[in-house]
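The letter at position 446 of the sequence shown is residue 446 when you use the UniProt record's numbering, and the numbering goes up by one with no holes.
Structure, as structure tokens:
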Amino acid sequence: MITPRFSCSQTEGEIIVSIYCPSIRASEVEIHVDETVFIAHVNPYFLRLNFSHPVVEDDESAAKYDPSSGYLTVTLTKAVKGQEFRDLDLLAKLLAPRPTKQTPQIEVISSDTVDDDLAEKAESLSLEDQEILKAAENDWQLPQNVPDSDPPLKLGLDVQYGFLDMYTGYFRNVGHTENEVNELGGDAEGIFPAQRRILRREHENKKWNEEHYMADFVDDYLQDLITWRHPYAEDTKPFEFTEDENATMLRLPRKEYLSTPVQNHNLYLTLISILFSYAYETRTTQGDPGPESAWTVCNLTPAFSALDSAPYHDEESLDISRYSDSVLQATFRESYRRSLAFPLFRSFALAEACRRDVSDWLIKGKRVVFRCLLNIKRILDLHEVYYVYSKVWVDDFCVWVQSSASEDILLQLGKQVKELTVPKSIIGWDLEELEKAIYAAQEREADSDDESSDGESSDNESD
């Protein structure tokens, strides 16, 4: 079945679903409404949406097909007039499966009405068969449980990575590809998280170049990149996704994430590091991606280059109800280090500007954050090697931001990031000492120039 292009809008009492399904027979359209679930089926198209509130199919509802445009317009009545249906523009959220019911309630009406033969057969079913029957009563969604905190027993050498550690096998043949950002080499599939972090930091220390940093510190050509403002931070017009963005949304995976509070806490931190990399890329290209854009985004993101995701702090006890300054500083520390070790422009002031971009996007909410992720996905998908990071990270983040991310948490993080101070001392490369040496050298040069000028003036007076 094909998922068609569609859009949703609302009035005071109705929900309007516009579905693009050209060259169909209107008489064959099947529409089903069950509280929050809307289903439209006409061969070869199938659309199933989950709304935030119930809708009904009554006398005021209607379905019209326009053969000239190919659009089927379905008008549904809100169960509660005037109720606002939020996130109708987040298509991936509408397409997500209905949340699993954790404890389905079963009510026995009367034991006398149950046929004895059927009861005996039901009792003889295996536990697996009983679960399947329960799933059928519960919209055919099998129960899913969040795994325990203890890692599962691994019979092979492969370890998980990527979004919620759901992936493996994507780097088995990495030695035969030109993956210049992979810092784990051909052993990427067998290196555990703690070792990934050690290898990543060793690689950063090797790539750190004091002379490169000092040269960029004294030159003025980076000022245009530092003062540049991203359009998403400046734009105050009402938000509306483009046709290309809507088409990309429809191609995203349909998933429901059963993540723990700790995992959610860490996902927001990893999201910050991904947005920082995108901020650096957009500033250095002035919003016009080039051949090196995919390399830049991947290289500056620890979760991509070394499969090393957040958290990056060393606190033993973690309060997942808040984000402390030390936790956020540790997150940005890793992004700052990479921005000072790998790309062409290595400036602490540029890194600070990227942090402010991240703050602006978070404050504007999930739609702007989602648009940034779509841009990252577009950049990576066009690359013949780095598209893999879109598969194991960005695709899932796009879905998660739409369906699960909290506007309140994004706003809270945005405000904290805006006020955050990232000391140069936590980077680990003596940046302050290097800058003091630069200032001292500039003062000596200025004094030397003054002495030369005084000497020339004395010679002229003697003449």
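Even glycine gets a Cβ: it sits at the ideal position worked out from N, Cα and C.
Local conformation of residue i per DSSP, three classes
| i | result |
| --- | --- |
| Asp66 | strand |
| Lys78 | strand |
| Asn43 | coil |
| Phe38 | strand |
| Leu225 | helix |
| Leu90 | coil |
| Glu445 | helix |
| Leu307 | coil |
| Tyr386 | coil |
| Val392 | helix |
| Val422 | coil |
| Val55 | strand |
| Asn179 | coil |
| Asn266 | helix |
| Arg333 | helix |
| Ile376 | helix |
| Ile363 | helix |
| Gln195 | helix |
| His203 | helix |
| His230 | coil |
| Ala247 | helix |
| Asp430 | coil |
| Ala341 | helix |
| Trp208 | coil |
| Phe348 | helix |
| Thr103 | Because Thr103 carries a pLDDT of 40, less than 50, the predicted location of this residue cannot be relied on, and no value is offered for it. |
| Asn173 | coil |
| Gln83 | coil |
Proximal residues to residue i (C-beta, below 6 Å), its chain only, five neighbours per side dropped
| i | result |
| --- | --- |
| Thr270 | Ala303, Ser309 and Ala310 |
| Val181 | Cys298, Asn299 and Ser305 |
| His383 | Ala294 |
| Ile24 | Val42 |
| Pro97 | Glu256 |
| Leu374 | Glu245 and Thr248 |
| Arg197 | Asp308 |
Cβ-based neighbour list, residue i, same chain, cut-off 8 Å, excluding 5 preceding and 5 following
| i | result |
| --- | --- |
| Asp58 | Thr77 |
| Ile379 | Glu281, Pro289, Ser293, Ala294 and Val297 |
| Leu411 | Leu362, Ile363 and Gly365 |
| Leu434 | Glu210, Tyr213, Met214 and Phe217 |
| Val29 | Ala40, His41, Val42, Ala63, Tyr65 and Leu72 |
| Gln263 | Leu164 |
| Asn145 | Only weak support is given to the placement of Asn145: the predicted model assigns it a pLDDT of 42, under 50, and the value that follows is read from those uncertain coordinates. Answer for Asn145: Leu258, listed in chain order. |
| Tyr45 | Met1, Ile2, Thr3, Pro4, Ile19, Cys21 and Ile24 |
Assigned exposure category for residue i - 16 Cβ within 10 Å defines buried
| i | result |
| --- | --- |
| Arg346 | buried |
| Val42 | buried |
| Ser68 | exposed |
| Arg367 | buried |
| Pro377 | Inspection of the sequence shows that residue 377 is occupied by Lys rather than by Pro. Lys377 should be labelled buried. |
| Tyr221 | exposed |
| Gln442 | exposed |
| Val55 | buried |
| Glu189 | buried |
| Ser277 | buried |
| Pro343 | buried |
| Asp187 | exposed |
| Tyr386 | buried |
| Thr113 | At Thr113, the pLDDT of 44 sits below 50, so the modelled position is not reliable; the number obtained from the coordinates is stated separately. Exposed, since its Cβ has fewer than 16 Cβ neighbours within 10 Å. |
| Ile191 | buried |
Residues bridged to residue i [DSSP beta-bridge criterion]
| i | result |
| --- | --- |
| Ser9 | Ile16 |
| Thr73 | Ser18 and Lys64 |
| Ile31 | Ala40 |
| Val327 | Note: Val327 sits in no beta bridge, so no partner. |
| Thr2 | The question names Thr, but residue 2 is Ile in the sequence shown. In the DSSP output, where bridge partners are listed per residue, Ile2 has Tyr45. |
| Tyr161 | Tyr167 |
| Asn50 | Val37 |
Same chain, Cβ closer than 7 Å to residue i, neighbours up to 5 away in sequence not counted
| i | result |
| --- | --- |
| Trp393 | Gly162, Phe163, Ala303 and Phe304 |
| Glu334 | Ser273, Pro302 and Tyr312 |
| Leu252 | Ala92, Asp395, Cys398 and Val399 |
| Pro261 | Ile320 |
| Ala446 | none |
| Glu407 | Gly365 and Lys366 |
| Leu250 | Thr3, Arg5 and Leu91 |
| Trp228 | Arg283 and Gln286 |
Just checking, does the segment 413-427 make contact with the segment 200-207 on the three C-beta pairs under 8 Å criterion? No, because fewer than three Cβ pairs between the segment 413-427 and the segment 200-207 fall closer than 8 Å, the two stretches do not touch.
Tell me whether the segment 436-447 and the segment 386-404 touch, counting them as touching only if at least three CB pairs, one residue from each stretch, are closer than 8 Å. no
Hey, is the segment 33-53 in contact with the segment 86-99, meaning 3+ C-beta pairs nearer than 8 Å? yes
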